[in-house]
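Right, one structure below, let's go through it.
Residue numbers (this note's numbering): 27 to 244.
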C-alpha cells in the first residue's frame, strides 16, 4: 500500500485510535489479538493508513471465516502494507514438512510453470529451522540461498518472520521485492511481525493442518 503522505498525529495513541472499534466490536478474541500486537504497532510512525490496514486484517482473522480465506487475507494485507511485489505464508507440521503455501503476486501461468510447492530448502528452510525475523538486501548473497527453481521470477530484497504459538513454530510469513526497489525497513518488519501474530491465531485450533496444498489470490 503506497504512503498517502498524511502526517502522523503524535498525540494519537493506538488505544485512542481503536476506541470506536472496541466500542462496536467487543469480541474477546479481537481484544486479545490487539493486546498481543499493541506494543509492535505503537512503534510504527510512518502512516496511519498502515495501522488501519493492519486493523482490517485483524478483523478478518477474528471473524471466523474459512482458514484459507483468513490466510490469504493475511498475505494480501502484508504485501500491501509493506509495498511488496510478492508475499507468501507457509504452514508446516512438527516434522517441518510444508503443508500449506498461500501466495500473492504470481500469475497462474507462472505457478503452473514452477509446478510444485516449496520443499522447505534454502532461505525458507533456514526460517523453519531457525524461526526468527530475517531481512536481506539481496537473497542471492545469503549463505543459505540455493537459488530458485526453473521458471521462478527473480527476487532480491527479502523479509521473513516466523508464525509462532508460544515456543512452537507453525509457519513463516515472508515478503520479497519492495516495489520502490529499496530494502525492507524496521517499520516493515514490525508490521509483518504483527500480521504473523495474527496468522498464528487461527492456527491455534486443533486439526488446522491438512494435506499439502497451495492457494493464492494471484
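Backbone N, C-alpha and C fix where the C-beta goes; we use that ideal spot for every residue, glycine too.
Asked                                                                                                                                  : Found
Assumed close pair residue 201, residue 210 - CB separation to whole angstroms, cut-off 8 Å                                            : 7 Å
Residues that DSSP places opposite residue 118 in a beta bridge                                                                        : 124
Three-state class that DSSP yields for residue 170 in the structure shown                                                              : coil
Own chain partners of residue 217 with C-beta closer than 7 Å, once the 5 adjacent residues on each side are dropped                   : 70, 76, 80, 107 and 108
Contacts around residue 215, its chain only, beta-carbon distance under 8 Å, and the 5 residues preceding and following it disregarded : 159, 161, 185 and 187
Selected residue, minimal CA-CA separation from residue 197, among 104, 125, 99 and 213                                                : 125
Rounded separation between residue 97 and residue 150 - CA only                                                                        : 18 Å
Endpoints, the beta strand (DSSP E) within which residue 98 is located                                                                 : Premise fails: residue 98 lies in the alpha helix (DSSP H), 93 to 107, not in any beta strand (DSSP E).
Buried or exposed (CB count within 10 angstroms, at least 16 for buried), residue 116                                                  : buried
Residue-level contact to chain D via CB, residue 156, 8 Å cutoff                                                                       : Absent from the structure: chain D. Only one protein chain is present.
Expected contact under 8 Å - CB spacing of residue 203 and residue 104 to nearest Å                                                    : The pair is not a contact, with the Cβ atoms about 13 Å apart (cut-off 8 Å).
Bridge partners - residue 218, DSSP secondary structure assignment                                                                     : Answer is none; residue 218 lacks a bridge partner.
Alpha-carbon spacing of residue 156 relative to residue 84, whole angstroms                                                            : 26 Å
Outcome for residue 167 when other beta-carbon atoms lying within 10 angstroms are tallied against a minimum of 16                     : exposed
Presumed contact (8 Å Cβ cut-off) between residue 189 and residue 152, rounded CB distance                                             : Going by Cβ atoms, the distance from residue 189 to residue 152 rounds to 15 Å, so no, they are not a contact pair.
Simplified DSSP state of residue 50, which is helix, strand or coil                                                                    : Bear in mind that the predicted position of residue 50 carries a pLDDT of just 41, short of 50, making it unreliable; the figure below should be weighed with that in mind. Of the three classes helix, strand and coil, the one that applies to residue 50 here is helix, per DSSP.
Residue burial classification, residue 224 (beta-carbon count within 10 angstroms, cutoff 16)                                          : buried
Sequence-distant residues of the same chain with beta carbon closer than 8 Å to residue 165, five excluded per side                    : 149, 171, 181, 182, 183, 184 and 202
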